[in-house]
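Trainee:
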Amino acid sequence: MSLTGGAARIGALALLGFAVAQPAQADTIFVSNEKSNTVSVVDGGKLQVVATIKVGRRPRGITFNEDMTQIFVCVGDDNRIDVIDVATQKVVDRLPSGPDPELFVLDPQGHRLYVANEDDNMVSVVDIATKKIIGEIQVGVEPEGMGVSPDGKILVNTSETTNMAHFIDTESHKIVDNVLVDARPRVAQFTGDGRFVWVSSEVGGTVSVIDAASRKLVHKISFAVQGVPRESIQPVGIQLTSDGQRAFVALGPANRVAEIDARTYEVKRYHLVGQRVWNLALSPDEKRLYTTNGVSNDMSVMDLERGRVVKSISVGGAPWGVIVKP
Amino acid sequence: MRKRSGRAPVSQAAALLTIAVALLLGTPAWAADPLVVRIGYLTRAEEPRIPQTFLEPVSEDEGVQGARLAIADNNTTGRFLNQRFDLVEVTVPEDGRVEDAVRDLAGQGVRLLVADLKEDALLAAAAAPEAADMLIFNTRAPDDDLRNERCRANLLHVTPSRRMQADALAQYLASRKWMNWLLVVGRTPQDAAYADAIRAAAKRYRAKIVEERRWTFEDANRRVDTGHVTVQSEILTFTQGTEHDVLVVADEADGFGEYLLYQTWLPRPVAGTHGLVPTAWSRVHEQWGATQIHSRFERQAGRWMRPRDYTAWMAVRAVGEAATRTKSADPAALAAFVRGSDFALPAFKGQGLTFREWDGQLRQPVLLAGPRVLVSVSPQPGYLHQFSELDTLGDDRPESRCRSR
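So the sequences go chain by chain: V and U.
Residues in the first sequence are numbered from 1127 upward in steps of one, following the working numbering.
Residues in the second sequence are numbered from 372 upward in steps of one, following the working numbering.
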């Protein structure tokens, strides 16, 4: 959810889906480019870059605020979060983040950001209104992925070298459980109903599905692509459709997005996208999937009804995170 | 932030082993009775390496700092699983016997040993009777015969072999079509071994060594009042002659290689032990999360992480990874897991690393480091292999001459 802004909003907007008639889709897509220190703004109708917003150094994690009037961007090399005003497309403010923020997640009430401090084995809790760090939680080595349950009560953080998903009580800021997953976990994503957490393991090459209540591993999804070496299959970004039917997982240097039946965990097919695909975002009507391709410096646009990539759009250098606003 | 004083000064009286059990300062408390995994770290006192460049500090704690960082990393993970990791550091005096240290470590319950030793000392340690039921991680010796004729069942090689380094460089040079090499070889046996690996790589990748030259000048002190003038004329004349695409240098002791850059007769790049260097680790590497380990290491050690630190980190992390996955502290179970097919170590190289069953070598991508930035990482695209592309570097199964595993 850190990458889409919030499943609830998207769910509501999905009802309007048919009104957003093709081909003129009014989405606006925002892509963080970690090399060029910018956020590209892409018009979803024209499928063109319409603006480029200068931000701090090494922008990666990107998310909207509660009402989608602002965008928060982790600028890791500047050890802070930049705040972009969506209307004027300018950086208007900054928030503290703790050292080297990479990924974060907005709590469902919209008051707090939970930030992974990769350099410090720590998760920082940032109060948005007062712009203060109000809590720090010690986690495993190299914290990375951040997911929050739809009710906001449980935060999941992954640590890349400890190889765990840490379940954290957002009230007490205490770790309540740790679930071992495969090597180098990157992204944690709750299902819309809050029952499961999907965790991608980049070096392990798998996605672990964890029961959020019992904290037991219920399934481990593996991938195999004809002609692609096993080591090149490196899952990172995860997106789940709001109806709980389908899941998409970015497979990094395999240059593929896996499409998965989210009920049976069966991989249905692999979609060829750009090089080194990092993260994914569904359009609000869930008819499209946008991917950031870090090596080919572009974004692939997948038409989910036709089941294929329809366009590649050049964005900035080393695109990383992506979010979509209707 | 940890500071320890566990290392014996070189001058310390012989026959005394200095033993320091790492204190776990600053690590959070465990629940009652954690599982304890003891890992030995064995090195020998020696004169510190003096780098030819003044940009690099002279350090007396290469290797052990990496092991200490990995212990801290293991413990960060271990407190979630109620496992604790202790490092038992031993420095054998320059003229001391490593076998005695192995016996002593065995007496302290150490069965998993990180060996920061050169080839002969490593073999002596591995041959000690008490080492028979130990698993020893070679984190320093790159010698190819250790992976072949002199291989041993109780040794795993974390450090890449010379042949892996040479293959990594050769793939890159071949991908550039720089196929004609002038090979300059220093005076030490290690330089000769490096040159052997370069020759094997040239053969494998069909490059041509147009000429070989031995560096016969006396190695000089790095600081002299007369400065650079002699170097400038020496190297100009030394490198005159046969046309080549690249000068490949074998100077592991860092005696002269640094001087070759920009001083050659023809305007040619320098690669090998200097210039473009194939290596397990370098400060210029920042991909795949490497920045995080650099930051942690520099906070702890107050200097950059060197290849010996990195390999020691990998060895101790390999044990930590085994303990995490098996939820065991039993050395035999941990050793079996590390050797087994479920083991893979993430080590900031973009993929899980595993040990080759035929010679105990850790498969790993090899960095190609320039003096200021990373140039590339081998294997290069297009070098395919039926099992793992990493097996295009070093001794592949059919070529291995290791018979005692």
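Yeah, the Cβ is synthetic: ideal placement off N, Cα and C, and Gly gets one too.
#1: Quick one: is valine 1436(V) near chain U, going by C-beta distance under 8 Å?
#2: Starting from the beta carbon of threonine 353(U), find every residue of chain V whose beta carbon is closer than 9 Å, and list them in chain order.
#3: Within the continuous alpha helix (DSSP H) that includes isoleucine 442(U), where are the two ends?
#4: Could you compute how far the alpha carbon of glutamine 658(U) sits from the alpha carbon of alanine 740(U)?
#5: Could you please give me the residues that DSSP links to isoleucine 421(U) through a beta bridge?
#6: What separation, rounded to the nearest whole angstrom, lies between the Cα atoms of histidine 665(U) and glycine 1433(V)?
#7: Would you call the CB atoms of aspartate 1319(V) and glycine 1363(V) closer than 8 Å?
#8: Rounding to the nearest angstrom, what Cα-Cα distance links threonine 763(U) and arginine 1321(V) in this structure?
#9: Measuring CA to CA, which of Ser1348(V), Ile1439(V) and Ser1409(V) is closest to arginine 1395(V)?
#10: With a threshold of 16 other CB atoms inside 10 Å of the CB of alanine 393(U), please say whether the residue is buried or exposed.
#11: Can you tell which of Arg1206(V), Val1302(V) and Ile1259(V) has the C-alpha that lies nearest to the C-alpha of alanine 1339(V)?
#12: Hey, does arginine 1186(V) have any beta-carbon neighbour from chain U nearer than 8 Å?
#13: Could you tell me if the beta carbon of serine 712(U) falls within a distance shorter than 7 Å of some heavy atom in the ligand MN?
#14: Could you tell me which residues DSSP pairs with methionine 1248(V) in its beta bridges?
#15: Measuring only the C-alpha atoms, how far is threonine 424(U) from serine 653(U)?
#16: For threonine 510(U), collect the residues of the same chain with a Cβ closer than 6 Å to its Cβ; drop the 5 residues on either side in sequence, then sort them by chain order.
#17: Taking all protein chains shown into account, decide if aspartate 713(U) is buried (16 or more other Cβ within 10 angstroms of its Cβ) or exposed.
#18: So for glutamine 735(U), helix, strand or coil by DSSP?
#19: Tell me, which residues are paired with glycine 643(U) by DSSP?
#20: Buried or exposed, going by whether 16 or more other CB atoms sit within 10 Å of the CB of arginine 1183(V)?
#21: I need the boundaries of the beta strand (DSSP E) containing tyrosine 681(U), first residue and last residue.
#22: Of all the residues that make up the segment 709 to 728 of chain U, which are near chain V by a beta-carbon distance shorter than 7 Å?
#23: Under 7 Å between beta-carbons, which chain U residues line up against arginine 1310(V)? List them in chain order, please.
#24: Apply the 10 Å Cβ neighbour rule to glutamate 1412(V) and answer buried if 16 or more other Cβ atoms are within range, or exposed otherwise.
#25: What are the start and end residues of the beta strand (DSSP E) that includes glutamine 1196(V)?
#26: Taking only beta-carbon atoms, is glutamate 614(U) less than 8 Å away from chain V?
#27: Across the segment 628 to 647 of chain U and the segment 572 to 585 of chain U, are there enough close Cβ pairs to call them in contact, namely three or more that are closer than 8 Å?
#28: Helix, strand or coil for glycine 1443(V)? Go by DSSP, reduced to three states.
#29: Going by DSSP, which residues form a beta bridge with valine 709(U)?
#30: Is lysine 1437(V) helix, strand or coil by DSSP?
#31: So, for proline 513(U): in the same chain, excluding its five sequence neighbours on each side, which residues have a beta-carbon less than 6 Å away from its beta-carbon?
#32: What does aspartate 444(U) reach in chain V if we use C-beta pairs closer than 7 Å?
#33: At a Cβ threshold of 8 Å, is proline 1355(V) touching chain U?
#34: Checking the sheet assignment: what are the DSSP bridge partners for phenylalanine 797(U)?
#35: Would you say glycine 397(U) reaches chain V, if we count a Cβ-Cβ gap shorter than 8 Å as a contact?
#36: Got a sec, what are the start and stop residues for the beta strand (DSSP E) glycine 1271(V) sits in?
Mentor: In short, the structure shows the following:
#1: In the first sequence, the residue the question calls residue 1436(V) occupies position 310. Cβ-Cβ to chain U under 8 Å: no for valine 1436(V).
#2: Since the first residue of chain U shown is 372 and the last is 776, residue 353(U) is not available in this structure.
#3: Walking along the second sequence from the start, residue 442(U) turns up at place 71. Judged by DSSP secondary structure, isoleucine 442(U) falls within the alpha helix (DSSP H) whose first and last residues are 435 to 452.
#4: As a working note, residue 658(U) is residue 287 in the second sequence. As a working note, residue 740(U) is residue 369 in the second sequence. Cα to Cα, the separation comes out at about 13 Å.
#5: As a first step, residue 421(U) is located in the second sequence; it is residue number 50 there, counting from the start. Answer is none; isoleucine 421(U) lacks a bridge partner.
#6: For this step, residue 665(U) is matched to residue 294 along the second sequence. For this step, residue 1433(V) is matched to residue 307 along the first sequence. Taking C-alpha positions only, histidine 665(U) is separated from glycine 1433(V) by approximately 42 Å.
#7: Stepping through the first sequence from its first residue, residue 1319(V) is reached at position 193. Stepping through the first sequence from its first residue, residue 1363(V) is reached at position 237. No, these two residues do not count as a Cβ contact at 8 Å.
#8: Residue mapping note: residue 763(U) aligns to position 392 of the second sequence, counting from 1. Residue mapping note: residue 1321(V) aligns to position 195 of the first sequence, counting from 1. Straight through space, the alpha carbons of arginine 1321(V) and threonine 763(U) are spaced by roughly 45 Å.
#9: Position 269 of the first sequence, counted from the first residue, corresponds to residue 1395(V). The shortest Cα separation from arginine 1395(V) among Ser1348(V), Ile1439(V) and Ser1409(V) belongs to Ser1348(V).
#10: Looking up residue 393(U) in the second sequence gives position 22. The pLDDT assigned to alanine 393(U) is 42, lower than 50, so where the model puts this residue is not dependable; a value taken from the coordinates is nonetheless given after this. Around the C-beta of alanine 393(U), 16 or more other C-beta atoms lie within 10 Å, and the residue is accordingly described as buried.
#11: Taking the first residue of the first sequence as 1, we reach residue 1339(V) at position 213. Minimum Cα distance to alanine 1339(V) is reached at Val1302(V).
#12: Against the first sequence, residue 1186(V) aligns to sequence position 60. Not one chain U Cβ lies under 8 Å of arginine 1186(V).
#13: Within the structure as shown, the ligand MN is missing, as the structure has no ligands at all.
#14: Taking the first residue of the first sequence as position 1, residue 1248(V) is located at position 122. DSSP output for methionine 1248(V) lists Asn1243(V) and Gln1264(V) as bridge partner(s).
#15: Here the question's residue 424(U) lines up with position 53 in the second sequence. Here the question's residue 653(U) lines up with position 282 in the second sequence. In a straight line, the C-alpha of threonine 424(U) is about 15 Å away from that of serine 653(U).
#16: Taking the second sequence and counting its residues from 1, one reaches residue 510(U) at position 139. Within the same chain, threonine 510(U) has close Cβ partners Val485, Asp487, Val529, Thr530, Thr682, Ala683 and Ala686.
#17: If you number the second sequence from 1, residue 713(U) lands on position 342. That one is exposed.
#18: Numbered from 1 along the second sequence, position 364 holds the residue referred to as residue 735(U). The DSSP-derived three-state label of glutamine 735(U) is coil.
#19: By one-based count along the second sequence, residue 643(U) stands at place 272. Note: glycine 643(U) sits in a beta bridge opposite Val620(U).
#20: In the first sequence, the residue the question calls residue 1183(V) occupies position 57. Looking at its Cβ environment, which holds fewer than 16 other Cβ atoms inside 10 Å, arginine 1183(V) is exposed.
#21: For this step, residue 681(U) is matched to residue 310 along the second sequence. Run containing tyrosine 681(U): none in the beta strand (DSSP E); it sits in the alpha helix (DSSP H), 678 to 697.
#22: Of all residues in the segment 709 to 728 of chain U, Ala715, Pro717, Gln722 and Gly723 have a Cβ within less than 7 Å of some Cβ in chain V.
#23: Translated into positions along the first sequence, residue 1310(V) becomes position 184. What arginine 1310(V) touches in chain U: Pro717.
#24: Sequence index remark: in the first sequence, residue 1412(V) carries index 286 (1-based). That one is buried.
#25: Counted from its first residue, the first sequence places residue 1196(V) at position 70. Where glutamine 1196(V) is concerned, the enclosing beta strand (DSSP E) stretches over 1196 to 1201.
#26: Residue 614(U) sits at position 243 when you count from the first residue of the second sequence. No, glutamate 614(U) does not count as interfacial toward chain V.
#27: Of all C-beta pairs linking the segment 628 to 647 of chain U to the segment 572 to 585 of chain U, fewer than three are shorter than 8 Å, placing the two stretches out of contact.
#28: As a first step, residue 1443(V) is located in the first sequence; it is residue number 317 there, counting from the start. Coil at glycine 1443(V), not helix or strand.
#29: Start at 1 with the first residue of the second sequence, and residue 709(U) comes out as number 338. Under DSSP, valine 709(U) shares a beta bridge with no residue.
#30: For the purposes of this step, residue 1437(V) is identified with residue 311 of the first sequence, where counting begins at 1. The DSSP-derived three-state label of lysine 1437(V) is strand.
#31: Within the second sequence, numbered from 1, the residue matching residue 513(U) stands at position 142. Here the set comprises Thr530, Ser532 and Arg533.
#32: Taking the first residue of the second sequence as position 1, residue 444(U) is located at position 73. Using a Cβ-Cβ cut-off of 7 Å, aspartate 444(U) is close to Val1267 and Thr1287 of chain V, given in chain order.
#33: Counting from one through the first sequence, the residue named residue 1355(V) turns up at place 229. Yes - at least one Cβ of chain U is within 8 Å of the one on proline 1355(V).
#34: Only positions 372 to 776 of chain U appear in the structure, and residue 797(U) is not among them; the question remains open.
#35: Here residue 397(U) corresponds to residue number 26 of the second sequence, with the count starting at 1. Reliability fails at glycine 397(U), whose pLDDT of 43 lies under 50, so the model's placement of it is uncertain and no value is given.
#36: Residue 1271(V) sits at position 145 when you count from the first residue of the first sequence. Run containing glycine 1271(V): 1269 to 1274, per the beta strand (DSSP E) assignment.
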